[in-house]
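To start, the structure under review is shown below, and the notes come after it.
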Amino acid sequence: MDELTQRQRYNLKRKIEELKLCKGKHTELISLYVPPSKQIFDVNSYLKNEFSQSQNIKSKTTRKNVLSAIESIMSRLRYFKQPPENGVVFFVGHKSIEGDQTEMVAYVIEPPLPITTFLYRCDSSFYVEPLEEFLTEKEIYGLFLIDRRECTVGILKGDKVELLKYMTSQVPGKHGKGGQSQRRFERLTEVAAHEWFVKCGEKVSEIFLAEEKLKGIFVGGSGPTKQYFIDEGYLHYEIQNKVIDTFDTGYTDEFGLKELVSVASETMTELKISKEKKVMKRFLKEVTKTERSLAIYGEAQVRRALEMGVVDILLLSEDLRKYRIKMKCQSCDYTEDRIVDEEALQSFSPPTCPKCNTSIQMEIQEKIDLVDEFSDLAEKTGTKVHLISRNSEEGDSLYLAFNGLAGILRYPVEI
Ligand code: ZN
836 MDELTQRQRY NLKRKIEELK LCKGKHTELI SLYVPPSKQI FDVNSYLKNE
886 FSQSQNIKSK TTRKNVLSAI ESIMSRLRYF KQPPENGVVF FVGHKSIEGD
936 QTEMVAYVIE PPLPITTFLY RCDSSFYVEP LEEFLTEKEI YGLFLIDRRE
986 CTVGILKGDK VELLKYMTSQ VPGKHGKGGQ SQRRFERLTE VAAHEWFVKC
1036 GEKVSEIFLA EEKLKGIFVG GSGPTKQYFI DEGYLHYEIQ NKVIDTFDTG
1086 YTDEFGLKEL VSVASETMTE LKISKEKKVM KRFLKEVTKT ERSLAIYGEA
1136 QVRRALEMGV VDILLLSEDL RKYRIKMKCQ SCDYTEDRIV DEEALQSFSP
1186 PTCPKCNTSI QMEIQEKIDL VDEFSDLAEK TGTKVHLISR NSEEGDSLYL
1236 AFNGLAGILR YPVEI
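Plus 835 on top of the position in the sequence shown (first one is 1) and you've got this note's numbering.
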């Protein structure tokens, strides 16, 4: 629920890139974050107040630009009776273009996750950090080590291990003096151990319940105690449910946390980190096959295969940045498509119509991001889509060697 789909992540990332390119000459770009709980009426009052405050801006141009940006947001706000499910963000203002020119831009974004804080900011760039926050990988794992002497609680964020709590017990060792007092000693030991586990269970649960983004918990320790502790239900049930597995470690102190991460890392790479690598390795293996290869690549081939419905997995580089431009002649209805990259898109101007013998320039009908277009095609035929970053060597090769577009077929077929 609080996870973005690959597609949402991609779209948001692109939008943020676009917003970051907007620069104001002065502090005249307005960012307004409206959380779902905020009353539109209150937002309006807030803006009215900002409007009157902004009358005091000294520079005439800046004042004019800020006021018109606020007005623009207020007029857009009229379309909302209440904020959408996840709230809404406005980015409005005059961005610099060539020379001394400015151009008014207005973005209204309904984010894929709820906005938590109301925020108004007027600056020389748009304030996108809260949106970027949605993109940070929420790879947070809980760690704890337990035996009858020690309990250590930590957290793994990305590849960083943090110690949160270290506790030691008063539980006596298992071996008493023997003889008649032995049984009494054992009973007392068990009582003390139970109390120790209760105390640890409460502390561990308390710490991890406060960590909302915990993806799972790894438990370590040297003996059978860790498993006993889990099985006997000393943890809060929500925390208990997040336990991924237990692992043997030689230490149960701070040093043991790193040890736990290292022994658990195989399981962890299974979970997420190596997913991209894994699928890319499969593709690269297919590429090298001379017979019955399932690999396809290149825009035209992948498109044909998708239309035939024979693609099992579609691989798209997050950095693809290619667009299909659909053009049409206004006079004879001749149409033509061009694939261009980001740079060419900026300066693209349609050629004249090759059918009519006039100098009529064709008109641009539509610009489509290839990632969107191919994802849509894939959806229609039940093809799994993987958006691949360039963070791994394999992901980089998709971008560099295969133009960011490839696939694995369901079965070998001539495309
Ligand atoms: Zn024509």
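Don't be surprised by glycine CBs; every beta carbon is placed ideally from N, CA and C. Just so we're clear, the structure is a prediction, and the values are computed from it rather than from any experiment.
Which residues in the same chain have their Cβ closer than 7 Å to the Cβ of residue 1070, if we skip the five residues on either side of it in sequence? 1036, 1039 and 1040
Is the separation between the beta-carbon of residue 1160 and that of residue 1172 shorter than 8 Å? yes
Looking at residue 1218 and residue 1149, is the spacing between their C-beta atoms short of 8 Å? yes
Just to check, is the beta-carbon of residue 1161 closer than 7 Å to a non-hydrogen atom of the ligand ZN? no
The beta strand (DSSP E) that contains residue 1221, what's its start and end? 1219-1223
Which stretch, first to last residue, makes up the beta strand (DSSP E) that contains residue 1200? 1198-1204
Does the ligand ZN have even one heavy atom less than 7 Å from the beta-carbon of residue 1195? yes
Helix, strand or coil: how does DSSP classify residue 1027 here? helix
If you drop the 5 nearest sequence neighbours on each side, which residues of the same chain put their C-beta closer than 7 Å to that of residue 896? none
Per DSSP, what kind of secondary structure is residue 1108 in: helix, strand or coil? Here the model assigns residue 1108 a pLDDT of 45, short of 50, so the residue's position is not dependable, and the following value carries that caveat. Correct three-state label for residue 1108: helix.
State buried or exposed for residue 1124, treating a residue as buried only when at least 16 other CB atoms are found within 10 Å of its CB. exposed
When every heavy atom of the ligand ZN is checked, does at least one fall within less than 7 Å of the C-beta of residue 1167? yes
Confirm, please, whether the CB-CB distance from residue 912 to residue 884 is below 8 Å. no
Pick from 864, 1127 and 1051: whose alpha carbon is nearest that of residue 1078? 1051
Write down the C-beta distance between residue 1134 and residue 1174 rounded to the nearest angstrom, noting that I regard them as a contact closer than 8 Å. 6 Å
Please state whether DSSP places residue 1050 in a helix, a strand or coil. strand
The stretch 929-939 in contact with the stretch 1055-1062 per 3-pair CB rule at 8 Å: no
Taking its Cβ as the centre, do 16 or more other Cβ atoms sit within 10 Å of residue 934, making it buried, or is it exposed? exposed
Paired residues, beta bridge with residue 1154 - DSSP: Answer is none; residue 1154 lacks a bridge partner.
Other residues of its chain near residue 1067: CB distance less than 8 Å, five sequence neighbours each side excluded: 1032
For the alpha helix (DSSP H) holding residue 897, just list the boundary residues, first then last. 895-912
Does the beta carbon of residue 1196 come closer than 8 Å to any beta carbon on chain C? The chain labelled as chain C is not found in the depicted structure, where only one protein chain is given.
Within the present structure, is the beta-carbon of residue 1164 separated from the nearest heavy atom of the ligand ZN by less than 7 Å? yes
Are there three or more Cβ pairs, one per stretch, closer than 8 Å when the stretch 863-878 is compared with the stretch 954-969? yes
Here's the rule: buried if 16 or more other CB atoms are within 10 angstroms of the residue's CB, otherwise exposed. What is residue 1241? buried
Are there any heavy atoms of the ligand ZN lying less than 7 Å away from the beta-carbon of residue 1190, as far as the coordinates show? yes
Residues near residue 1204 by beta carbon distance below 7 Å, same chain, minus five either side: 1158
Mapping DSSP to helix, strand and coil, what is residue 961? coil
Proximity of residue 1223 and residue 1128 at Cβ, strictly below 8 Å: no
CB contact flag (residue 1065, residue 1081, <8 Å): yes
For residue 995, is the classification buried or exposed, using 16 other Cβ atoms within 10 angstroms of its Cβ as the cut-off for buried? exposed
Going by DSSP in three states, residue 1045 sits in which element: helix, strand or coil? coil
Please state the DSSP three-state secondary structure of residue 942. strand
Would you mind working out which of 1006, 1213 and 1162 sits nearest residue 1199, comparing C-alpha positions? 1162
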